[in-house]
Amino acid sequence: MSDRPTAGAGQLSSSRRQALLQKIVRERSSAVQERIPRRSSGDPAPLSFAQQRLWVVDRLEPGSPAYNMSYALRLRGVLDVAALRASLGEVVRRHETLRTVFGERGGTPVQIVRPHAPAALRVVDLHDAPDAEAEAERLAAAEALLPFDLARGPLLRCTLLRLAGDDHVLLLTMHHIVSDGWSRSVLVREASALYGAFSRGEPSPLPELPVQYADFAVWQRGWLGGERLEAQLGYWREKLRGAPPLLEIPTDRPRGAGQGPRTARHEFTLSPGLSRGLRELSQRQGATLFMTVLAGWQALLGRWAGQDDVLVGTPVAGRSRRETEGLIGFFVNLLALRTELGGDPAWDELLGRVRETSLGAYDHQDLPFERLVEELDVERSLTHSPLVQAVFALHRAGADDERLRLGDVEMEPFGGGERAAKFDLDLVVGEAGEALAGTLVYRSALFEAATMARLAAHLETVLETMAADPARRLSELSLLRGAERAQVLEAWNATAAVLPRACVHELFTEQAARAPHAPAVLYRDQVVGYGELERRANRLARLLASRGVGPEVRVGVCLERGVSAVLAMLGVLRAGGAYVPVAPSDPAGRLREVFADAGVRLVLTDAAAGAHLPDSVEPLWLDAPETAAALAEMPEGAPEVPSDPTQLAYVIYTSGSTGRPKGVAVAHASVVRLVRNTNYLPFGPGERIAHASNLAFDAATFEVWGALLNGGSLAVVERETTLSPAALAAELRERGVTALFVTTALFNRVAHEEPGGFGTLRHLLFGGEAVDPASVRRVLETGAPGRLLHVYGPTETTTYASWQWVREVAPDAATVPIGGPLGNTTLYVLDAGGEALPAGVPGELHVGGLALARGYLGEPGTTAEKFVPDPFGGAPGARLYRT
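The working numbering puts the first residue of the sequence shown at 12, with every later residue one more than the last.
Okay, here's the thing in structure tokens:
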């Protein structure tokens, strides 16, 4: 549970009045008169409720050091080693729990108390070590993680490190099943008293103990039953009904059963002004300092986890009986404090909720946490502790301030404290003088030090906000300040780049004029040059203009990928219109719905692709002799049509998987932003981009215009080829393709069937679905392209909004990042109130910049809901798309 004897309530004010919660506990304790009886025999005793859970945990993970309790003390002065050994031996004699091992009788675990034997004190001489201090720290860390065998014992290990003649380090390690934080103080206090007497040749000054821990275990089993048990259980059942099983704090590394319990810590100090403000707030609200800091801690955890229902544990000593105060044993209990953050409360209202929860919990603290977990039938996991993964305790001033000595030998803590984590996050705030000092202990297998430094800084921000204006609501909290805010909002979104102010077809014309004979489209045995494609598109544009196509007029394109499809899109744009691509394989019902919604009357198609066109549209058969004849009569020059980059370029429809398909209206400027002067791909004449997507998939926008607006070549890969990883690999190699986009599903398939199939590429882009890190790792190891890019972007953000160059994948990676924004694109993670969130805190991804579509065709309400004002963009009318 915890290694601290102080837990729970803090003080009402800086006058150090007794905390309200401690007063409640003391009054309840003094009201109980029944004494714990001694056992009638020395037979094996049952385990206490707390011990039973740790025994089960040890059976699941034998030898795990997660419940080692290690204490290291620096001893300065002339040390009488014999007196120290005798003192420790006497402590072991006095406390049966230090001579206890755990066995089974009839399948039930029991405590077996072994006869007293002299305590083993191992002495290690570091006098000749090159750096005795560093070696002592290394040995202390190793000792703290050395496993215990509960069945064989001993469950107390004592090691003395001699650094110099008058400089020693004493390592005391106990298993939590026989000890707790209070016990540490008992052990050190008794050893100190005994050492003083023994070093002077005097007998023990300590009275015999009234009871032993095994007596308490027997009594607890009988006392906590019947109506008393049902009253406790009834409260906790109601309080924790429907509680979330896991606090979803984002971790730097995924959880795993074999990660180990190693800890690290981050220490911080709250300013005297803030500390004073928190005490004054507590006093005004009739709360304790413990409650106030807990409210801030739970609000922060809820924001980081994206949850409105937060459980935080707090340890209580669990020694409500006078007889137990001087015992070494596992008494500490854990209270699960559940706070609802929903409804957007003000800080003072939240503090009231926390106060009510805390008082109720302390009034029902007799039910052991282990019994509660058992009663609630909480699912066990080797990756996290049940119910509670974050803990908070307030350390009262003076609780551990007494300086103990071994005769003339001074003692002080040594090293970094416990090395094994029992929880993901453990926050301890201590009252020492005017300022409050905090220590954040965390699992180093889950979190990086930088993440915990941010968490501590955000806690300070939360507490400052609460103390400054308790009437403000939680939704108004901004965790971002100063340099961190500038980094998230500005530095990470510094993607602005100069773009040509021109339409798609105008930029194509520039390329055609620059290199008219350069290959534009490679399809089967055809190679169509830029000049030829320009002339044919001009003729088609004039024909379309004669059919009424002009600015903002929407024209359907129902064709398989190939020269005709590219010609159709370019011709529509050259006429000033906007193309509406559909897949020829789509059911007739979807074609009818899309064309009706888009207001399409004319559809460019051919005999193979247009078999299912609805009667409501007029087909223009591109492969018909009469169409060829009509085109031949048209001039080769481009028609004079008004154009502007804000003009509509195409309307592409969503899949409709979450409802009715919606038409996403994309302007020319958004397409130009995707493929010109951008940061993720070096587009240019030397690139040969594969066209492997059907026109109704927005990846085709990247493929077609990425090649044709930059002087590159578009290599058409037919659908049948993409269905065979081997055929696809051969096609890429034979065509000399340099850049390819594939869906994640196809990427995974090629990775498993033809892992070297991408090796001839300079650039491989993949995305669109959940990533399989093993597939990515396989490609990197066996057939890596020059650059492997993971890309992400909804249709509403013009194909791609973000990109990540994947160079390696960690063995324990759960996914692959989507990376940072493309050029002229911004990415923000915002909370429900539209406030920017720090790195690592979950929220909703919002995309801004030139990437954004104009909106949903004919759906102003949905457009307004999903395309919201951009408070960070600066430009009038700037918007963000809510992904």
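Cβ coordinates follow ideal geometry from the N, Cα and C atoms, glycine included.
Here the structure is a predicted model, which means the values were calculated and not measured.
CB of Asp191 within 8 Å of CB of Phe342, strictly: Numbered from its first residue, the sequence shown carries residue 191 at position 180. Numbered from its first residue, the sequence shown carries residue 342 at position 331. Yes.
Looking only at its chain, what residues have a beta carbon closer than 7 Å to the beta carbon of Leu554, apart from the 5 residues adjacent to it on each side? Against the sequence shown, residue 554 aligns to sequence position 543. Counting only Cβ-Cβ distances below 7 Å, and skipping sequence neighbours, we find Ala641, Leu642 and Met645.
Check whether the Cβ atoms of Thr808 and Glu855 sit closer than 8 Å, and answer yes or no. Reading the sequence shown from its first residue, position 797 is the one you call residue 808. Reading the sequence shown from its first residue, position 844 is the one you call residue 855. Not a contact, by the Cβ cut-off of 8 Å.
Return the CA-CA distance between Ser666 and Phe708, expressed in angstroms with no decimal places. Taking the sequence shown and counting its residues from 1, the one referred to as residue 666 is at position 655. Taking the sequence shown and counting its residues from 1, the one referred to as residue 708 is at position 697. When rounded, the distance between both Cα atoms is 9 Å.
Backbone secondary structure at Arg133 - three-state DSSP: Mapped onto the sequence shown, residue 133 falls at position 122. Here Arg133 sits in strand by DSSP.
Candidates Ser813, His774 and Asp263: closest to Gly794 by CA position: For the purposes of this step, residue 794 is taken as residue 783 along the sequence shown, with counting starting at 1. The shortest Cα separation from Gly794 among Ser813, His774 and Asp263 belongs to His774.
Gly559 and Leu868: beta carbons closer than 8 Å? Residue numbering aside, residue 559 sits at position 548 when the sequence shown is read from its first letter. Residue numbering aside, residue 868 sits at position 857 when the sequence shown is read from its first letter. Cβ distance not < 8 Å, so Gly559 and Leu868 don't count as in contact.
Let me know if Val222 comes out buried or exposed under the rule of 16 or more other beta-carbons within 10 Å of its beta-carbon. Here residue 222 is taken as the residue at index 211 of the sequence shown, counted from 1. Val222 is buried by the Cβ-count criterion.
Determine the direct distance from the alpha carbon of Gly371 to that of Asp881, and round the result to whole angstroms. Taking the first residue of the sequence shown as position 1, residue 881 is located at position 870. Taking the first residue of the sequence shown as position 1, residue 371 is located at position 360. The alpha-carbon atoms of Asp881 and Gly371 are separated by roughly 45 Å.
Residues of its chain near Arg550, where Cβ-Cβ distance is below 6 Å and the 5 sequence neighbours each way are ignored: Your numbering for residue 550 matches position 539 in the sequence shown. For Arg550, where only same-chain residues beyond five positions count, the Cβ hits under 6 Å are Leu642 and Met645.
Proximity of Ala208 and Cys169 at Cβ, strictly below 8 Å: Here residue 208 corresponds to residue number 197 of the sequence shown, with the count starting at 1. Here residue 169 corresponds to residue number 158 of the sequence shown, with the count starting at 1. Taking 8 Å as the Cβ cut-off, Ala208 and Cys169 do not qualify as a contacting pair.
What residue does the alpha helix (DSSP H) around Asp608 start on, and which one ends it? Start at 1 with the first residue of the sequence shown, and residue 608 comes out as number 597. Where Asp608 is concerned, the enclosing alpha helix (DSSP H) stretches over Ala599 to Ala609.
C-beta atoms of Met422 and Leu183 nearer than 8 Å: As a first step, residue 422 is located in the sequence shown; it is residue number 411 there, counting from the start. As a first step, residue 183 is located in the sequence shown; it is residue number 172 there, counting from the start. No. Outside cutoff.
Using beta-carbon positions only, say whether Arg454 and Thr689 come within less than 8 Å of one another. By one-based count along the sequence shown, residue 454 stands at place 443. By one-based count along the sequence shown, residue 689 stands at place 678. Going by C-beta atoms, Arg454 is not nearer than 8 Å to Thr689.
For Ser627, which of helix, strand or coil comes out of DSSP? The residue labelled residue 627 in the question sits at position 616 within the sequence shown. Three-state DSSP puts Ser627 in coil, outside helix and strand.
Which residues in the same chain as Thr552 place their Cβ atom closer than 6 Å to its Cβ, once the five residues preceding and following it in sequence are excluded? As a working mapping, residue 552 is identified with position 541 in the sequence shown. According to the sequence provided, residue 552 is Ala. The question's Thr does not apply to it. Taken in chain order, the residues that qualify are Gly582, Arg585, Ala586 and Pro650.
N- and C-terminal bounds of the alpha helix (DSSP H) containing Val652: Along the sequence shown, read from residue 1 onward, the residue named residue 652 stands at position 641. Segment: none, Val652 is in no alpha helix (DSSP H) and carries neither H nor E.
With DSSP as the reference, identify every bridge partner of His469, one or two as the case may be. Counting from one through the sequence shown, the residue named residue 469 turns up at place 458. DSSP, once it has assigned bridges, lists no residue as partnering His469.
Excluding five sequence neighbours on each side, which residues of the same chain lie with their C-beta closer than 8 Å to the C-beta of Ser724? Within the sequence shown, residue 724 is the residue found at index 713, counting from 1. Once the five neighbours on either side are set aside, the close Cβ partners of Ser724 are Ala529, Pro530, Ala531, Val532, Leu533, Glu698, Arg699, Ile700 and Ala718.
Give me the Cα-Cα distance between Phe878 and Leu518, rounded to the nearest whole angstrom. In the sequence shown, residue 878 corresponds to position 867, counting from 1. In the sequence shown, residue 518 corresponds to position 507, counting from 1. If you take the alpha carbons of Phe878 and Leu518, they lie about 28 Å apart.
Is Glu445 near Ser210, with beta carbons less than 8 Å apart? Locating residue 445 in the sequence shown gives position 434, where the first residue counts as 1. Locating residue 210 in the sequence shown gives position 199, where the first residue counts as 1. The answer is no: Cβ separation not under 8 Å.
Given this structure, state the Cα-to-Cα distance separating Leu32 from Trp816, to the nearest angstrom. Your numbering for residue 32 matches position 21 in the sequence shown. Your numbering for residue 816 matches position 805 in the sequence shown. Any reading at Leu32 is ruled out, since the residue's pLDDT is 49, under 50, leaving its predicted position unreliable.
Below 6 Å CB to CB, which residues in the same chain sit around Leu739 once its five sequence neighbours on both sides are set aside? Numbered from 1 along the sequence shown, position 728 holds the residue referred to as residue 739. Taken in chain order, the residues that qualify are Thr732 and Thr733.
Where are the beta strand (DSSP E) runs, 3 residues long or more, that stay fully inside the segment 554-581, in chain order? 565-569
Coarse secondary structure for Thr170, derived from DSSP in three states: Mapped onto the sequence shown, residue 170 falls at position 159. If DSSP states are grouped into helix, strand and coil, Thr170 belongs with the strands.
Could you spell out the range, first to last residue, of the alpha helix (DSSP H) harbouring Met302? By one-based count along the sequence shown, residue 302 stands at place 291. Element bounds for Met302: Leu300 to Ala316.
Below 8 Å on the Cβ atoms is my contact criterion, and I expect Gly267 with Asp823 to pass it. Report the Cβ-Cβ distance as a whole number of Å. Taking the sequence shown and counting its residues from 1, the one referred to as residue 267 is at position 256. Taking the sequence shown and counting its residues from 1, the one referred to as residue 823 is at position 812. With a Cβ gap of about 6 Å, Gly267 and Asp823 count as contacting.
Pro592 - containing beta strand (DSSP E), residue span: Stepping through the sequence shown from its first residue, residue 592 is reached at position 581. Segment Ala589 to Val593, the beta strand (DSSP E) holding Pro592.
Measuring straight from C-alpha to C-alpha, what distance separates Ser203 and Gln498? Here residue 203 corresponds to residue number 192 of the sequence shown, with the count starting at 1. Here residue 498 corresponds to residue number 487 of the sequence shown, with the count starting at 1. Distance between the alpha carbons of Ser203 and Gln498: 53 Å.
Threshold first: 3 residues or longer. Then list the beta strand (DSSP E) segments lying entirely within the segment 771-855, N to C. 774-778, 798-803, 813-816 and 836-841
Counting C-beta neighbours from all protein chains within 10 Å, is the total for Thr810 16 or more, i.e. buried, or is it exposed? As a first step, residue 810 must be located in the sequence shown, where it is residue number 799. So Thr810 counts as buried.
Given this structure, state the Cα-to-Cα distance separating Gly441 from Ala464, to the nearest angstrom. Your numbering for residue 441 matches position 430 in the sequence shown. Your numbering for residue 464 matches position 453 in the sequence shown. Looking at the two C-alpha atoms, the distance is approximately 18 Å.
Simplified DSSP state of Gly337, which is helix, strand or coil: To locate residue 337, count along the sequence shown from 1; it is residue 326. Three-state DSSP puts Gly337 in coil, outside helix and strand.
Tell me the DSSP bridge mates of Trp632? Residue mapping note: residue 632 aligns to position 621 of the sequence shown, counting from 1. For Trp632, which the question treats as bridged, DSSP gives the partners Thr616.
Simplified DSSP assignment, three categories, for Glu146: Working through the sequence shown from its first residue, we reach residue 146 at position 135. Glu146 falls in the helix class under three-state DSSP.
For Arg416, the residue or residues it bridges with in DSSP: The sequence position of residue 416 within the sequence shown is 405, counting from 1. Glu421.
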